[in-house]
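Numbering (mature numbering (1 follows the signal peptide of the UniProt record, and there is no 0)), first residue to last: -22 to -1, 1 to 261.
The C-beta atom is built at its ideal place from N, Cα and C for all residues, glycine as well.
Written below as C-alpha coordinates is the structure these notes are about.
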(Lines of atoms letter the chains of each structure in order from A and count residues from 1; the text may use other names and numbers.)
(Lines give C-alpha, C1' and ligand atoms only; values in the text may rest on other atoms or scores of the structure.)
Protein backbone atom coordinates (compact mmCIF):
# COMPACT_ATOMS: atom_id res chain seq x y z
CA UNK A 1 0.00 0.00 0.00
CA UNK A 2 1.49 3.39 -0.94
CA UNK A 3 2.12 6.04 1.68
CA UNK A 4 -0.53 8.26 0.07
CA UNK A 5 -3.19 5.56 0.25
CA UNK A 6 -2.16 4.71 3.81
CA UNK A 7 -2.47 8.34 4.81
CA UNK A 8 -5.91 8.64 3.27
CA UNK A 9 -7.00 5.50 5.05
CA UNK A 10 -5.57 6.77 8.32
CA UNK A 11 -7.45 10.05 7.96
CA UNK A 12 -10.69 8.16 7.46
CA UNK A 13 -10.00 6.02 10.51
CA UNK A 14 -9.11 9.12 12.50
CA UNK A 15 -12.37 10.78 11.61
CA UNK A 16 -14.37 7.68 12.37
CA UNK A 17 -12.68 7.17 15.74
CA UNK A 18 -15.05 8.06 18.53
CA UNK A 19 -12.91 6.88 21.34
CA UNK A 20 -9.88 8.93 23.56
CA UNK A 21 -6.14 9.68 26.30
CA UNK A 22 -4.37 8.93 29.77
CA UNK A 23 13.73 1.96 28.20
CA UNK A 24 14.63 4.33 25.63
CA UNK A 25 17.89 6.25 25.88
CA UNK A 26 17.98 9.48 27.82
CA UNK A 27 17.09 12.60 25.83
CA UNK A 28 19.83 14.08 23.71
CA UNK A 29 21.72 16.99 25.28
CA UNK A 30 20.10 19.51 22.94
CA UNK A 31 16.57 18.50 24.01
CA UNK A 32 14.94 21.52 25.60
CA UNK A 33 13.57 21.22 29.12
CA UNK A 34 10.41 23.17 30.04
CA UNK A 35 11.15 26.87 29.81
CA UNK A 36 12.42 28.67 32.87
CA UNK A 37 9.40 30.95 32.82
CA UNK A 38 7.08 27.92 32.80
CA UNK A 39 9.00 26.35 35.66
CA UNK A 40 8.68 29.59 37.57
CA UNK A 41 4.92 29.53 37.11
CA UNK A 42 4.81 32.37 34.58
CA UNK A 43 4.69 30.79 31.11
CA UNK A 44 4.52 32.93 28.01
CA UNK A 45 1.05 33.66 26.68
CA UNK A 46 0.17 31.11 24.00
CA UNK A 47 0.51 32.69 20.54
CA UNK A 48 -2.31 32.62 18.00
CA UNK A 49 -2.39 33.30 14.29
CA UNK A 50 -3.93 36.45 12.87
CA UNK A 51 -7.53 36.02 11.63
CA UNK A 52 -8.00 34.87 8.06
CA UNK A 53 -9.85 36.72 5.26
CA UNK A 54 -12.91 38.46 6.60
CA UNK A 55 -11.84 37.76 10.17
CA UNK A 56 -12.41 34.00 10.01
CA UNK A 57 -10.70 31.57 12.36
CA UNK A 58 -7.13 30.96 11.14
CA UNK A 59 -5.93 27.40 10.44
CA UNK A 60 -2.44 26.10 11.29
CA UNK A 61 -1.08 22.87 9.77
CA UNK A 62 2.70 23.02 10.21
CA UNK A 63 5.49 25.50 10.76
CA UNK A 64 7.58 26.73 7.84
CA UNK A 65 11.12 25.42 7.67
CA UNK A 66 13.38 27.38 9.94
CA UNK A 67 15.95 29.41 7.96
CA UNK A 68 18.59 28.27 10.45
CA UNK A 69 17.75 24.65 9.65
CA UNK A 70 16.51 23.80 13.14
CA UNK A 71 14.70 20.47 13.27
CA UNK A 72 11.60 20.68 15.44
CA UNK A 73 8.46 18.54 15.48
CA UNK A 74 5.25 18.65 17.54
CA UNK A 75 3.52 15.45 18.63
CA UNK A 76 -0.19 15.90 19.33
CA UNK A 77 -2.59 13.43 20.90
CA UNK A 78 -6.37 13.49 20.61
CA UNK A 79 -8.33 12.49 23.71
CA UNK A 80 -11.60 11.53 22.04
CA UNK A 81 -14.86 10.63 23.72
CA UNK A 82 -18.38 11.34 22.53
CA UNK A 83 -21.28 12.61 24.59
CA UNK A 84 -23.06 9.25 24.43
CA UNK A 85 -20.20 6.89 25.30
CA UNK A 86 -20.75 6.92 29.05
CA UNK A 87 -22.30 3.43 29.08
CA UNK A 88 -19.27 2.02 27.28
CA UNK A 89 -16.94 3.60 29.82
CA UNK A 90 -19.13 2.27 32.64
CA UNK A 91 -18.84 -1.15 31.05
CA UNK A 92 -15.06 -1.07 31.32
CA UNK A 93 -13.92 0.40 27.99
CA UNK A 94 -10.83 2.57 28.44
CA UNK A 95 -10.89 5.90 26.64
CA UNK A 96 -7.69 7.03 28.39
CA UNK A 97 -4.07 5.91 28.15
CA UNK A 98 -2.16 6.81 31.34
CA UNK A 99 0.80 4.63 30.32
CA UNK A 100 1.32 6.76 27.21
CA UNK A 101 1.25 9.97 29.23
CA UNK A 102 3.68 8.46 31.75
CA UNK A 103 6.08 7.46 28.98
CA UNK A 104 5.96 10.91 27.39
CA UNK A 105 6.92 12.33 30.78
CA UNK A 106 9.65 9.73 31.26
CA UNK A 107 11.07 10.46 27.82
CA UNK A 108 10.79 14.20 28.48
CA UNK A 109 8.69 14.81 25.38
CA UNK A 110 6.58 17.98 25.52
CA UNK A 111 3.27 17.49 23.75
CA UNK A 112 -0.14 19.01 23.04
CA UNK A 113 -3.24 17.02 23.99
CA UNK A 114 -6.46 17.93 22.18
CA UNK A 115 -9.09 16.92 24.70
CA UNK A 116 -12.85 16.62 24.42
CA UNK A 117 -14.96 17.96 27.26
CA UNK A 118 -16.65 14.59 27.64
CA UNK A 119 -13.24 12.98 28.20
CA UNK A 120 -12.38 15.54 30.88
CA UNK A 121 -15.70 14.80 32.58
CA UNK A 122 -15.03 11.04 32.53
CA UNK A 123 -11.41 11.37 33.71
CA UNK A 124 -11.20 14.61 35.74
CA UNK A 125 -8.17 13.54 37.79
CA UNK A 126 -6.22 12.62 34.65
CA UNK A 127 -7.32 15.81 32.90
CA UNK A 128 -6.11 17.83 35.87
CA UNK A 129 -2.78 15.95 36.04
CA UNK A 130 -2.08 16.46 32.34
CA UNK A 131 -3.40 20.02 32.43
CA UNK A 132 -1.16 21.12 35.31
CA UNK A 133 2.05 19.49 34.04
CA UNK A 134 4.32 22.04 32.28
CA UNK A 135 5.35 19.30 29.87
CA UNK A 136 1.87 19.42 28.30
CA UNK A 137 -0.70 21.89 27.02
CA UNK A 138 -4.41 21.24 26.47
CA UNK A 139 -6.17 22.18 23.25
CA UNK A 140 -9.94 22.08 22.75
CA UNK A 141 -11.31 19.14 20.72
CA UNK A 142 -15.00 20.04 21.24
CA UNK A 143 -17.22 18.70 24.00
CA UNK A 144 -19.06 15.95 22.14
CA UNK A 145 -16.62 14.93 19.35
CA UNK A 146 -19.43 15.42 16.87
CA UNK A 147 -18.51 16.80 13.44
CA UNK A 148 -18.77 20.52 12.72
CA UNK A 149 -19.80 19.91 9.11
CA UNK A 150 -21.76 17.22 7.32
CA UNK A 151 -20.25 14.14 5.65
CA UNK A 152 -17.35 13.79 8.06
CA UNK A 153 -16.57 10.06 8.09
CA UNK A 154 -19.99 9.17 9.50
CA UNK A 155 -19.69 11.27 12.66
CA UNK A 156 -22.88 12.74 14.13
CA UNK A 157 -23.08 16.46 13.37
CA UNK A 158 -23.37 19.34 15.84
CA UNK A 159 -26.34 21.57 15.08
CA UNK A 160 -25.24 24.84 13.50
CA UNK A 161 -26.58 26.96 16.33
CA UNK A 162 -24.75 24.79 18.91
CA UNK A 163 -21.22 24.90 17.49
CA UNK A 164 -19.84 27.70 19.65
CA UNK A 165 -21.68 26.40 22.69
CA UNK A 166 -20.10 22.97 22.21
CA UNK A 167 -16.59 24.47 22.21
CA UNK A 168 -17.38 26.67 25.21
CA UNK A 169 -18.86 23.71 27.10
CA UNK A 170 -15.58 21.83 26.66
CA UNK A 171 -13.60 24.81 27.98
CA UNK A 172 -15.89 25.01 31.00
CA UNK A 173 -15.35 21.30 31.67
CA UNK A 174 -11.57 21.78 31.55
CA UNK A 175 -11.85 24.56 34.12
CA UNK A 176 -14.07 22.41 36.32
CA UNK A 177 -11.50 19.59 36.20
CA UNK A 178 -8.71 21.98 37.23
CA UNK A 179 -6.87 22.20 33.90
CA UNK A 180 -4.48 25.15 33.98
CA UNK A 181 -2.45 24.71 30.78
CA UNK A 182 -5.33 25.25 28.34
CA UNK A 183 -4.34 27.00 25.11
CA UNK A 184 -6.58 28.84 22.59
CA UNK A 185 -6.32 26.11 19.96
CA UNK A 186 -9.17 24.05 18.52
CA UNK A 187 -9.00 20.79 16.61
CA UNK A 188 -12.07 19.86 14.57
CA UNK A 189 -13.37 16.32 15.16
CA UNK A 190 -12.38 14.31 12.11
CA UNK A 191 -10.44 17.36 10.89
CA UNK A 192 -13.54 18.47 8.96
CA UNK A 193 -14.39 22.15 8.53
CA UNK A 194 -15.38 24.76 5.96
CA UNK A 195 -15.39 28.56 5.75
CA UNK A 196 -18.85 28.76 7.30
CA UNK A 197 -17.62 26.95 10.40
CA UNK A 198 -14.50 29.12 10.57
CA UNK A 199 -16.71 32.22 10.50
CA UNK A 200 -18.98 30.80 13.20
CA UNK A 201 -16.10 30.16 15.59
CA UNK A 202 -14.25 33.43 14.83
CA UNK A 203 -15.60 35.25 17.95
CA UNK A 204 -13.83 32.68 20.14
CA UNK A 205 -10.46 34.03 18.88
CA UNK A 206 -8.90 30.58 18.63
CA UNK A 207 -6.51 29.08 16.11
CA UNK A 208 -7.70 25.88 14.42
CA UNK A 209 -4.93 23.28 14.46
CA UNK A 210 -4.70 20.55 11.83
CA UNK A 211 -1.60 18.47 10.97
CA UNK A 212 0.69 17.47 8.13
CA UNK A 213 1.64 13.98 9.35
CA UNK A 214 -1.03 11.31 9.97
CA UNK A 215 0.28 8.57 12.25
CA UNK A 216 -2.34 6.00 11.26
CA UNK A 217 -2.59 4.86 14.90
CA UNK A 218 -6.41 4.82 14.98
CA UNK A 219 -7.41 1.15 15.26
CA UNK A 220 -3.87 0.08 14.29
CA UNK A 221 -2.49 -3.21 15.59
CA UNK A 222 1.11 -2.90 14.37
CA UNK A 223 3.20 -0.39 16.34
CA UNK A 224 6.08 -0.64 13.87
CA UNK A 225 3.82 0.30 10.96
CA UNK A 226 2.63 3.38 12.88
CA UNK A 227 6.21 4.34 13.70
CA UNK A 228 7.32 3.87 10.08
CA UNK A 229 4.51 6.09 8.81
CA UNK A 230 5.43 8.88 11.23
CA UNK A 231 9.16 8.61 10.59
CA UNK A 232 8.60 8.65 6.82
CA UNK A 233 6.44 11.79 7.00
CA UNK A 234 8.16 14.04 9.53
CA UNK A 235 10.00 17.10 8.22
CA UNK A 236 11.31 20.14 10.12
CA UNK A 237 8.25 21.98 11.48
CA UNK A 238 5.90 18.99 11.19
CA UNK A 239 2.82 18.52 13.31
CA UNK A 240 1.89 14.85 13.95
CA UNK A 241 -1.62 13.69 14.88
CA UNK A 242 -1.93 10.67 17.17
CA UNK A 243 -4.33 9.44 19.85
CA UNK A 244 -4.16 8.68 23.56
CA UNK A 245 -6.92 6.08 23.64
CA UNK A 246 -6.38 2.52 24.78
CA UNK A 247 -9.57 1.24 23.15
CA UNK A 248 -9.19 2.86 19.72
CA UNK A 249 -5.41 3.31 19.47
CA UNK A 250 -3.85 0.45 21.44
CA UNK A 251 -0.34 0.53 19.95
CA UNK A 252 0.42 4.27 20.16
CA UNK A 253 2.54 3.95 23.29
CA UNK A 254 4.70 1.24 21.74
CA UNK A 255 5.07 3.30 18.55
CA UNK A 256 6.18 6.34 20.54
CA UNK A 257 8.98 4.35 22.12
CA UNK A 258 10.45 3.85 18.66
CA UNK A 259 9.56 7.24 17.19
CA UNK A 260 11.07 9.39 19.92
CA UNK A 261 14.62 7.97 20.05
CA UNK A 262 14.81 7.69 16.25
CA UNK A 263 13.80 11.31 15.67
CA UNK A 264 16.24 12.45 18.33
CA UNK A 265 18.94 10.44 16.59
CA UNK A 266 18.07 12.38 13.42
CA UNK A 267 18.56 15.66 15.28
CA UNK A 268 14.95 16.57 15.99
CA UNK A 269 13.76 18.46 19.05
CA UNK A 270 10.22 17.96 20.35
CA UNK A 271 8.07 21.04 20.98
CA UNK A 272 4.45 21.89 21.71
CA UNK A 273 2.05 23.36 19.15
CA UNK A 274 2.39 26.75 20.85
CA UNK A 275 6.13 26.64 20.14
CA UNK A 276 5.52 25.84 16.48
CA UNK A 277 3.02 28.68 16.14
CA UNK A 278 5.38 31.07 17.91
CA UNK A 279 8.18 30.17 15.51
CA UNK A 280 5.82 30.62 12.55
CA UNK A 281 4.78 34.09 13.68
CA UNK A 282 8.41 35.12 14.11
CA UNK A 283 9.40 34.35 10.51
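Of the candidates 143, 94 and 171, 171 places its Cα closest to the Cα of residue 127.
The Cβ atoms of residue 156 and residue 110 lie closer than 8 Å to each other. The Cβ atoms of residue 237 and residue 209 lie closer than 8 Å to each other. Between residue 188 and residue 37, the gap from beta carbon to beta carbon is short of 8 Å. Its chain contains 228 and 229 as the residues whose beta carbon lies nearer than 8 Å to that of residue 199, once the 5 sequence neighbours on both sides are disregarded; these appear in chain order. Between residue 47 and residue 249, the alpha-carbon positions lie close to 15 Å from each other. Per DSSP, residue 247 is one residue of the beta strand (DSSP E) stretching across 247 to 249.
According to DSSP, residue pairing for residue 115 in a beta bridge involves 90. In the structure shown, residue 225 falls within a coil segment according to DSSP collapsed to helix, strand and coil. Distance from residue 163 to residue 185 at the Cβ level is roughly 5 Å; contact confirmed, criterion being Cβ atoms closer than 8 Å. Contiguous beta strand (DSSP E) elements confined to the region 17 to 84 occur at 50 to 57, taking only those with 3 or more residues. Ranked by Cα distance from residue 101, the options 82, 90, 75 and 173 are led by 75.
The alpha-carbon of residue 240 is positioned some 43 Å away from that of residue 137.
In this structure residue 50 is not in contact with residue 244, their Cβ atoms being roughly 12 Å apart against a cut-off of 8 Å.
In this structure, residue 113 keeps its C-beta atom at 8 Å or more from the C-beta atom of residue 149.
The Cβ atoms of residue 92 and residue 54 lie closer than 8 Å to each other.
Counting other Cβ atoms within 10 Å of its Cβ, residue 195 reaches 16 or more and is therefore classed as buried. When 235, 216, 225 and 234 are compared, the shortest CA-CA separation from residue 257 is found for 216.
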